[in-house]
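Working notes for the structure below.
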Amino acid sequence: MSTDNFRPKTFVELEGQETAKEYLRLLVNSYKKTGVPLGHMLFLGPPGIGKTTIAQVLANELGVGIVVLNATELKSFA
Numbered sequence: 138m139s140t141d142n143f144r145p146k147t148f149v150e151l152e153g154q155e156t157a158k159e160y161l162r163l164l165v166n167s168y169k170k171t172g173v174p175l176g177h178m179l180f181l182g183p184p185g186i187g188k189t190t191i192a193q194v195l196a197n198e199l200g201v202g203i204v205v206l207n208a209t210e211l212k213s214f215a
């Protein structure tokens with residue numbers, strides 16, 4: 138079973154990171170009202186703080202796809 142089944146899908150389901158969630162909610166609402174794309178985002182920090190989870194929730198809230206890469210994969214991805 139994939140761990141993605143256990144990850145939150147919306148900001149309401151996401152626990153913690155209140156400051157980040159509020160900021161990202163504002164961006165999502167702005168995008169939905171204006172249609173102006175948000176651009177690229179880079180989440181940086183140590184393992185286990187929820188970077189991937191927040192990125193996936195953001196993509197779900199925006200209704201867009203997401204590509205998740207580890208920094209070590211960037212050279213081979215380019």
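First residue of the sequence shown? That's 138 in the working numbering, and the numbers climb one at a time after it.
Ideal Cβ placement from N, Cα and C applies to all residues, glycine included.
Predicted model only: the values in this text are computed from it and were never measured.
- From PRO145 to HIS177, what does the alpha carbon distance come to, in whole angstroms? Here residue 145 corresponds to residue number 8 of the sequence shown, with the count starting at 1. Here residue 177 corresponds to residue number 40 of the sequence shown, with the count starting at 1. The alpha-carbon atoms of PRO145 and HIS177 are separated by roughly 21 angstroms.
- Message: Which of the three DSSP states is assigned to GLU198 in this structure?
- Response: Counted from its first residue, the sequence shown places residue 198 at position 61. Of the three classes helix, strand and coil, the one that applies to GLU198 here is helix, per DSSP.
- Item | ARG153 to ARG162 span [Cα, whole Å] | Here the question's residue 153 lines up with position 16 in the sequence shown. Here the question's residue 162 lines up with position 25 in the sequence shown. Arg is not the amino acid found at residue 153; the sequence shown has Gly there. C-alpha separation (whole angstroms): 14 angstroms.
- Message: Once the 5 residues before and after LEU175 are set aside, which same chain residues still bring their CB inside 7 angstroms of it?
- Response: Mapped onto the sequence shown, residue 175 falls at position 38. Here the set comprises LEU164, TYR168.
- Can you tell me where the alpha helix (DSSP H) with VAL165 in it begins and where it stops? Here the question's residue 165 lines up with position 28 in the sequence shown. Per DSSP, VAL165 belongs to the alpha helix (DSSP H) from 155-171.
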